[in-house]
Structure formats: structure tokens, C-alpha cells
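J.:
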């Protein structure tokens, strides 16, 4: 009787289902008596709900896993499918009954599962396989009713996977139809998409059939991010490229067909972001090839520094570095420039005095990156001689450089320092982050986007894609035009003001990349980044050999910790910014002059990191609020006794 009352009351009460009133529905005012009556009714239903739940827990604790527990869990889960504990309890009951009453033919590796209905009584052990199939169908029907209550119930979808995984011959075709029905209701139900991928894998559905399914959904509604995403997973399976990685190119005929499809989508609805994301995936983003970008040895600091093409955590199970000095392995302790134990592009180690003595005419240093299967070496000479080897050749005929992908190498050897670095092109440094497609495809896409931009002059997705395509084609050739598009994008009313900072940072990133490329081509160690309206600093690992850096007249609010990678930096100019913190100016062994005029340094305590720069001799703080602080001169004299400071 109690179970029947629970069933009726729970099903009538929408609050137990977790239902909410649709937005925009007008609320009807009720009298106090009506409100009180409803409150009492809800309390009564809640008591029955809690009573039934308590009964289930008591039976579970007592080991009474029988049909009555299935009955109670059916009524509660039918109203509230998100009760995960009850799904676990239900599986325990089904497993118990499976052992006690299961009959039928067992398939290899699976047990024939008898799933009794709550109304079943004794005699189940005599059921035929046909009747068992009926029971299974009833259980699946119960799960489907739970999904109609909440199509995004984690517990219900998981229970369905568990159930089908234990059946000898599941009807996968019916499950695919179930997914199709629920995706018609909500095409972005990721629970259903996950379940469909599970079913497709179990049923060995050909990727071509699943791709056709995404075709039907996209044709019905272009704004279907889940379908576009699923498509990006299926195409590499249909068209594997043996010589490419997981983000390799598609065959050109397939690519052009997909580009036509996605162009139809964003020409139909330019403001829908799903098609633009898929377009970005089609153009491809390649991971840079694992490489040691630069190896630098300093005799003065007795330190070796190495930069990599990607961040790595040295000392982890997969990332190890081996240092070989004069053909003998040397055990060293690796650390990041800022002292933090986290993945970094730059790692350094201290060298023992024996590896830098003058008893030998030269010392050869080689770093081997085992995970990246790459290595690099440089030579430090005994005398004062400094020489640059021809590009692509070794600094010493008997010591060839191995494992370096680039044919352009720059070596410098001398008494105080030596280095070996890649003289990389823009394709090797930055363009691989944007696209791996050939220029003809990119140029065609650029023209299409420009046509759309003429029709939709303020469409942010179109403007951003144009910028990215220009960067992928030739960042220096399109530099001026790219900046103009950035101005148009920022002025667009379609851009959320909260995203304006992202555009500023992206613009700064591209400008810094261009400056690094120009510096690479000029082969200099001085970088001027003044008057560029920069808001962020990035790619600092590319500036390992820089000696002079000008950041004046920008909008920088802080100097990042990654600045510690600039081990050769001697002069840093950062005047006329909005810098409030100097946490990034730490452990710079060669920094001698620091200019910070007209910033927003308020408290003398922000100068503390400068004490870690042993060669600092000149500090200019004019125009900062801290210059007016009481006792600032005495504080500087105590903190930086060897530094000549300018406050006025």
C-alpha cells in the first residue's frame, strides 16, 4: 500500500521530478489558503518520498536485495532519475537476481541477464529465453521513460550502457534510433552524443554511416556544434594520412568539399560560431616539431641554458635531459629560470668548475632530449676568439651537430659564452600554430571571407578568421592590413566589451611574433618593442640571447615571470607603461640597467625582486608614486646598496 501511494504521489508532484517552470510563464496569484494547502501537500509528498528512500537504504543495508527494492527504486527513479545511489542499488539487485534466477544460453564472456519486472514472483527460474527478452525490453522501456523525464541524466545513460554491455545480443540498431529521437529534441545533448559514440563503437558502425548521420543533422540545422565536432572526429578515420599526426591534413578533394559545406553554413548564418570553429579545424593546426631551439653556455655564470619548441617538465617520467661534456655524461640538477617546478620552454643547470677549466683548448657541451629525440651542442673555446660558423655547418669539423631539423644554424664560440641556435623561419616558429594547409587553399579561403565581410562588415567571426588566414599566409607581408582589421574588429558593435582585452592580447602576440621574425632575419641581439601598444608579453623563450630590450610606451601592467628566461639581458627599458609589479624581474644574472620611469609602482616592497639581479648598477624610477614614499631613498640603499637609483 505504501509503495502504491508513493508511486501516485511522486508522479503527480513536479517538484520531485526536478522540473522547473518555463521562462516567461506568467505566475497566477493565489490566496494564502491555497498556498498553505499546497505547502502541506508538498510536505506530505516529501515525507512519502523520504520514507521510500529510507526503506530502500534499510533493505540494502540488511542485504534484502529483492523485487521489492526494484519496485521502490522504479517509483523513485521514475520521478527523479538523477538519484545516482539508487541506480547503484538497482544494479546490485539485478546482479543478485541474475545469479539466483538467470536462465538461458550464455555467450562467451557475457552472462545471460534476467531482468525481472517488479511484479514478477516465484517461478522466474523457469522463464524461457523469449520471456527473458520481454523482461529486458521492459527494463529498457523503463530507462527510456526516465530519459523522457530528464534527457541529460548521467545515471540513466550509464545504467543503459551497463545493461546493454551485459546482454548477449543487444539490439544496437534500436539504440541508434533512440539516439536519433533524443537528438531531434535536443541536438546538443552531449549525454546522448556520448551514448551514440558508445553504441557505434560496440556495433562497429562504419564511420561513413555516422558521417552521413551528421550530414542529416547539419542539413536540418547548421547551428549544430556537436555534429560539426563529431564530423571532425570521423573524417580522420575515413581518410587517414600515414605520414601525418593526429592533426594531419585531409586529402585535398575531401578538404575542398568540406570547405564548401562550411562556407554554406557561415554564409547562411554568419553569426553562428559552430561553423567558424569547424572552419578553423579544417584549416588545421600542427604541433611544432620537437626540437632544442637554443643551447647557451656562460662561463661567468657557470651555467648552461637550453630552450625547447614546447614546454616540458624535466624530471618527469617521460621528459629527461642528458648533458654530455667533452664526450662524458655529467649529472646535473635542472631547474626553470623562475625557480618554479612546472612545465617550461627554458631549463638551465649549474656547471661544475671542472667542466669550465682552461686546461683544454675547448669544451664541447651536448644536451640530449630523450623524449623529443633531439639534441644540440656548442663549443666554448679557451681563448678570447669568437667566430661564427657558416649557416648549416658545425663549429668544429670533428663535432657534427646531430638531431637538428633545421638546416640553418648559428654558432658562436668564445671565452665567456658560446651558443648554438636554430635560425628558424616564420613557418618553423609561428605559422605552424595557425595552419598546415598550402597557400592556394588559404588564399581561396581568404578571398571567400573577404566577400562575406563586404556583406557583413561587423561580423566578428569573419574578421577574426581573415586575420588568422593572413597570419597563416605571410605575417610580415600582411602586417599593416592585419592591424587595420584589428581596429575594425575592436570597433565592431558585435564584439562584447568583455572580450576587448582578448583582442588586445592577440594583437600584442602577433606584433611580438613579427618583431621576433625581423630580429631573426637580421641576426641581432637587440629588440625594440616600444610604441606598439602592447598589453602582454609572450614567446619570451625565443629571446634567450637578447642583450637589450625596449618595452617603452606600451600598456603593460606587469612583467611576467617568463622574463627570467632572458639570461643574457643587460639593459631593460620599460618606461611609460602601467606596470604595477616587478615579480618577473628576478634572477636575471646579467641585468645591469633597468628603466621604469612613469609607471604605477606604489609601494617600495615591489622592488624586492630586484635584489636577485647581482649585476644591477642603474635603476631609474622617476615618475612612479613610490618616489614620494617616506624613506624611499634609505629603503633603496638598504635593498640595493650597489645600485645607483634615480627618483627625480
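Residue numbers (full-length UniProt numbering): 1 to 648.
Don't be surprised by glycine CBs; every beta carbon is placed ideally from N, CA and C.
Since I believe residue 305 is in contact with residue 544 (beta carbons under 8 Å), could you give me their beta-carbon distance rounded to a whole number of angstroms?
T.: To locate residue 544, count along the chain shown from 1; it is residue 544. To locate residue 305, count along the chain shown from 1; it is residue 305. 6 Å between Cβ atoms; contact.
J.: Which same chain residues, not among the five before or five after residue 430, have their C-beta less than 6 Å away from its C-beta?
T.: In the chain shown, residue 430 corresponds to position 430, counting from 1. Closer than 6 Å at Cβ, skipping near neighbours: 513.
J.: To the nearest whole angstrom, what separates the beta carbons of residue 355 and residue 330, a pair I think is in contact under 8 Å?
T.: As a working note, residue 355 is residue 355 in the chain shown. As a working note, residue 330 is residue 330 in the chain shown. Confirmed, about 7 Å.
J.: Expressed to the nearest angstrom, what Euclidean distance is found between the alpha-carbon atoms of residue 460 and residue 269?
T.: Numbered from its first residue, the chain shown carries residue 460 at position 460. Numbered from its first residue, the chain shown carries residue 269 at position 269. Near 13 Å, if we compare the C-alpha coordinates of residue 269 and residue 460.
J.: Return the residue from the list 491, 261, 303 that minimises the CA-CA distance to residue 416.
T.: Along the chain shown, read from residue 1 onward, the residue named residue 416 stands at position 416. Comparing Cα-Cα distances from residue 416 to each of 491, 261, 303, the minimum goes to 303.
J.: Let's test the definition: count the other Cβ atoms within 10 Å of the Cβ of residue 341 and tell me whether it reaches 16, buried, or not, exposed.
T.: The sequence position of residue 341 within the chain shown is 341, counting from 1. With fewer than 16 other Cβ atoms within 10 Å, it is exposed.
J.: So, with DSSP's three-state summary, where would you put residue 538?
T.: Residue numbering aside, residue 538 sits at position 538 when the chain shown is read from its first letter. If DSSP states are grouped into helix, strand and coil, residue 538 belongs with coil.
J.: Does the stretch 145-162 come close enough to the stretch 189-209 to have 3 or more Cβ pairs within less than 8 Å?
T.: A contact exists between the stretch 145-162 and the stretch 189-209.
J.: Verify whether the separation of the beta carbon atoms of residue 594 and residue 563 is less than 8 Å.
T.: Within the chain shown, residue 594 is the residue found at index 594, counting from 1. Within the chain shown, residue 563 is the residue found at index 563, counting from 1. Not in contact: residue 594 and residue 563 (Cβ atoms no closer than 8 Å).
J.: Check residue 173 in the structure and name its three-state DSSP category.
T.: As a position in the chain shown, residue 173 is number 173, starting the count at 1. Residue 173: helix per DSSP, three-state reduction.
J.: For residue 552, does the three-state DSSP call read helix, strand or coil?
T.: Reading the chain shown from its first residue, position 552 is the one you call residue 552. Coil, per DSSP.
J.: By the DSSP assignment, the beta strand (DSSP E) with residue 368 in it spans what residues?
T.: As a position in the chain shown, residue 368 is number 368, starting the count at 1. It spans 362-369 - the beta strand (DSSP E) in which residue 368 sits, taken as one unbroken run.
J.: For residue 221, count neighbouring Cβ atoms within 10 angstroms of its own Cβ and tell me buried if that reaches 16, exposed if not.
T.: Here residue 221 is taken as the residue at index 221 of the chain shown, counted from 1. Classification of residue 221: exposed, given that the 10 Å Cβ count is below 16.
J.: Can you give the beta carbon distance from residue 456 to residue 420, rounded, assuming they're within the 8 Å contact cut?
T.: Residue mapping note: residue 456 aligns to position 456 of the chain shown, counting from 1. Residue mapping note: residue 420 aligns to position 420 of the chain shown, counting from 1. No, residue 456 and residue 420 are not in contact; Cβ-Cβ is about 50 Å, not under 8 Å.
J.: Taking residue 61 as part of the alpha helix (DSSP H), name the residues at either end of that continuous run.
T.: On the chain shown, position 61 is the one that residue 61 refers to. Residue 61 -> alpha helix (DSSP H) spans 32-61.
J.: Alpha carbon to alpha carbon, how far is residue 284 from residue 249?
T.: Taking the first residue of the chain shown as 1, we reach residue 284 at position 284. Taking the first residue of the chain shown as 1, we reach residue 249 at position 249. Cα to Cα, the separation comes out at about 7 Å.
J.: Could you work out which residue in 228, 502, 548, 541 is closest to residue 524 when comparing CA atoms only?
T.: Along the chain shown, read from residue 1 onward, the residue named residue 524 stands at position 524. Nearest option by C-alpha distance: 548.
J.: Can you list, in chain order, the stretches of the beta strand (DSSP E) that have 3 or more residues and sit fully within the stretch 576-617?
T.: Listed in chain order, the complete beta strand (DSSP E) runs (minimum 3 residues) inside the stretch 576-617 are 593-595.
J.: Suppose you measure from the CA of residue 228 to the CA of residue 218; what does that come to, to the nearest Å?
T.: Indexing the chain shown from 1 puts residue 228 at position 228. Indexing the chain shown from 1 puts residue 218 at position 218. Spanning the two alpha carbons is a distance of roughly 8 Å.
J.: Hey, residue 592 and residue 556: beta-carbon distance below 8 Å or not?
T.: Taking the first residue of the chain shown as 1, we reach residue 592 at position 592. Taking the first residue of the chain shown as 1, we reach residue 556 at position 556. No, Cβ-Cβ distance for residue 592 and residue 556 is not below 8 Å.
J.: With DSSP collapsed to three states, give me the class of residue 309.
T.: On the chain shown, position 309 is the one that residue 309 refers to. In the structure shown, residue 309 sits in a strand (DSSP, three-state: E or B).
J.: Compute the distance between the beta-carbons of residue 626 and residue 601, then report whether it is under 8 Å.
T.: As a first step, residue 626 is located in the chain shown; it is residue number 626 there, counting from the start. As a first step, residue 601 is located in the chain shown; it is residue number 601 there, counting from the start. Against a cut-off of 8 Å, the Cβ pair of residue 601 and residue 626 comes out as a contact.
J.: Is the CB-CB distance between residue 281 and residue 266 below 8 Å?
T.: Here residue 281 is taken as the residue at index 281 of the chain shown, counted from 1. Here residue 266 is taken as the residue at index 266 of the chain shown, counted from 1. Cβ distance not < 8 Å, so residue 281 and residue 266 don't count as in contact.
J.: Give the list of continuous alpha helix (DSSP H) stretches no shorter than 4 residues that lie fully inside the stretch 159-247.
T.: Segments of the alpha helix (DSSP H) lying fully in the stretch 159-247: 172-185, 190-202, 207-220, 225-238.
J.: Taking 8 Å as the threshold, find out whether the stretch 77-92 comes into contact with the stretch 145-153 through three or more Cβ pairs.
T.: Yes: the two stretches touch, three or more of their Cβ pairs being nearer than 8 Å.
J.: Thinking residue 473 and residue 506 are a contact (beta carbons under 8 Å), I'd like their distance in whole angstroms, please.
T.: Counted from its first residue, the chain shown places residue 473 at position 473. Counted from its first residue, the chain shown places residue 506 at position 506. The Cβ separation is near 17 Å, so there is no contact.
J.: What is the DSSP secondary structure of residue 274, reduced to helix, strand or coil?
T.: Residue mapping note: residue 274 aligns to position 274 of the chain shown, counting from 1. Note: residue 274 maps to helix in three-state DSSP.
J.: Applying the 10 Å Cβ sphere with the 16-neighbour rule, what's the burial state of residue 554?
T.: What you label residue 554 is simply residue 554 of the chain shown in a count that begins at 1. Under this definition residue 554 is a buried residue.
J.: Can you tell me where the alpha helix (DSSP H) holding residue 262 begins and where it ends?
T.: On the chain shown, position 262 is the one that residue 262 refers to. Counting along the chain, the alpha helix (DSSP H) containing residue 262 begins and ends at 252-268.
J.: With the cut-off set at 8 Å, would you say residue 648 and residue 622 are in Cβ contact?
T.: Taking the first residue of the chain shown as 1, we reach residue 648 at position 648. Taking the first residue of the chain shown as 1, we reach residue 622 at position 622. Yes.
J.: Can you find the residues in the same chain that come closer than 7 Å, C-beta to C-beta, to residue 128, ignoring five residues on each side of it along the sequence?
T.: What you label residue 128 is simply residue 128 of the chain shown in a count that begins at 1. In this prediction, residue 128 scores a pLDDT of 48, lower than 50, which makes its location untrustworthy; the coordinate-derived value is nonetheless stated afterwards. Excluding sequence neighbours, residue 128 sits near nothing in its chain.
J.: On the CB-based measure, 16 or more other CB atoms within 10 Å of its CB, does residue 599 come out buried or exposed?
T.: Translated into positions along the chain shown, residue 599 becomes position 599. Counting Cβ neighbours within 10 Å, residue 599 comes out buried, since at least 16 surround it.
J.: Which value, in whole angstroms, describes the spacing of the CA atoms of residue 311 and residue 230?
T.: As a working mapping, residue 311 is identified with position 311 in the chain shown. As a working mapping, residue 230 is identified with position 230 in the chain shown. When rounded, the distance between both Cα atoms is 29 Å.
J.: Whole angstroms is fine: what's the gap from residue 485's alpha carbon to residue 467's?
T.: Taking the chain shown and counting its residues from 1, one reaches residue 485 at position 485. Taking the chain shown and counting its residues from 1, one reaches residue 467 at position 467. Each residue's alpha carbon lies about 7 Å from the other.
J.: Within the same chain, show all residues whose beta-carbon is closer than 8 Å to that of residue 449, passing over the 5 residues directly before and after it, in chain order.
T.: Counting from 1 along the chain shown, the entry for residue 449 is found at position 449. 462, 465, 466, 469, listed in sequence order.
J.: Compute the distance between the beta-carbons of residue 226 and residue 190, then report whether it is under 8 Å.
T.: What you label residue 226 is simply residue 226 of the chain shown in a count that begins at 1. What you label residue 190 is simply residue 190 of the chain shown in a count that begins at 1. Contact: yes.
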